[in-house]
Amino acid sequence: MRLCFLYLTQLWSLASALGWAGWSPWTPCSRTCGGGVSQQLRRCLDIKCSGHSVRFRVCNEKECDTLHRTSRETICGGEEILSKQQCEVVCKSRTSGSHFLWRMADGAPCQADSNRAVCSHGTCQVVGCDDVIGSSLRFDVCGVCGGRGDSCDSAQFVWKESGEFTECPSSCTQAARDFHEGKDDDVRESRAIVVCINANTGRVVPERLCADRKRPPAKTKPCPLLICPSRYFENVL
């Protein structure tokens, strides 16, 4: 009896030390274009394992041609659209009146704040910089996926015009406020917005990373002339 107990204890210890087996190869992509999903599986060799036995990544994100494109507007095939979420669409048959639910294909792009995201099993999920759905990995300021921002080469950061300009005052009230705050130039002209970018990735990064480089003078363009009564400029508004 004692030997049997020791044997079972050893088996338990061995199983507890094994944990997960390695991940399987990625499966073929579920779609040939427009965003698909590939998955990996792993098997638990323990009595119990923490974590997931399957993970997904996006693939074939190149946009499909018109013939193979499916949008949230066309997914109901001409039937009435009752509800249109990012990854699920409720359609109503024009003949029978019955309702049916369509899900966007796994891997179809969706929006989740400013993060890259795709549809997965009917919900919009964030995609990490490693292309894995649900991953929390992000590019650091150096452009390294999952990095800590400590591998940057200062030469890769440069000032660049963003292509956008500061707003001109759209009303006499705003123009008067700018005038009284000493922002006379803001009333007369709009300035190009200059940002610091990682030259290797094109991503906007904190301005401190361009601190050792001279900021280029911003281009300007005149603001539309506002004809405002003098009373707007007599007192601070």
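Heads up: the sequence shown is residues -17 to -1, 1 to 220, going by mature numbering (1 follows the signal peptide of the UniProt record, and there is no 0). A virtual CB, placed ideally from N, CA and C, is assigned to each residue, including glycine.
Go to residue i, then tell me how far its beta strand (DSSP E) extends in each direction, as first and last residue.
i	result
residue 73	71 to 75
residue 4	Here residue 4 belongs to no beta strand (DSSP E), and DSSP marks it neither H nor E.
residue 93	92 to 95
residue 204	203 to 205
residue 42	37 to 42
residue 85	82 to 86
residue 187	Where residue 187 is concerned, there is no enclosing beta strand (DSSP E), given that its DSSP letter is neither H nor E.
residue 221	Residue 221 lies beyond the stretch modelled for the chain, which goes from -17 to 220, so this question has no answer here.
residue 33	Segment: none, residue 33 is in no beta strand (DSSP E) and carries neither H nor E.
residue 66	63 to 67
Can you tell me which of the options puts its alpha carbon nearest to the alpha carbon of residue i?
i	options	result
residue 104	113, 90, 114	90
residue 187	133, 66, 87, 126	126
residue 206	173, 190, 36	173
residue 254	3, 60, 112	Given a span of -17 to 220 for the chain in the structure shown, any question on residue 254 remains unanswerable.
residue 62	72, 77, 171	77
residue 96	199, 87, 110, 31	110
residue 138	182, 92, 87	182
Please classify residue i as buried or exposed, where buried requires at least 16 neighbouring CB atoms within 10 angstroms.
i	result
residue 194	exposed
residue 192	buried
residue 128	exposed
residue 307	Outside the modelled stretch of the chain, which goes from -17 to 220, sits residue 307, for which no answer is possible.
residue 180	buried
residue 80	exposed
residue 154	exposed
residue 37	exposed
residue 48	exposed
residue 18	buried
Please go through the same chain and pick out, in chain order, the residues whose beta-carbon is closer than 6 Å to the beta-carbon of residue i, but skip the five residues on each side of it.
i	result
residue 117	108
residue 20	13, 39, 89, 90
residue 223	Here the chain has residues from -17 to 220 only, and residue 223 is not among them.
residue 230	Shown here, the chain extends from -17 to 220; a query on residue 230 therefore has no answer.
residue 185	none
For residue i, which residues in the same chain have their Cβ closer than 8 Å to its Cβ, ignoring the five residues on either side in sequence?
i	result
residue -15	Confidence at residue -15 is low in this model, with a pLDDT of 46, below 50, so its placement is unreliable and no value can be given for it.
residue 94	69, 100, 107
What residues in its chain sit with their C-beta under 7 Å from that of residue i, if we drop five residues either side in the sequence?
i	result
residue 7	23, 24, 25
residue 15	43
residue 123	130, 131, 132
Would the beta-carbon of residue i be found less than 7 Å away from any heavy atom of the ligand SAM?
i	result
residue 33	No copy of the ligand SAM appears in this structure; indeed no ligand is present at all.
**Asked** Quick one: complete beta strand (DSSP E) runs, 3+ long, within the stretch 104 to 185?
**Response** Correct list: 106 to 109, 140 to 148, 172 to 181.
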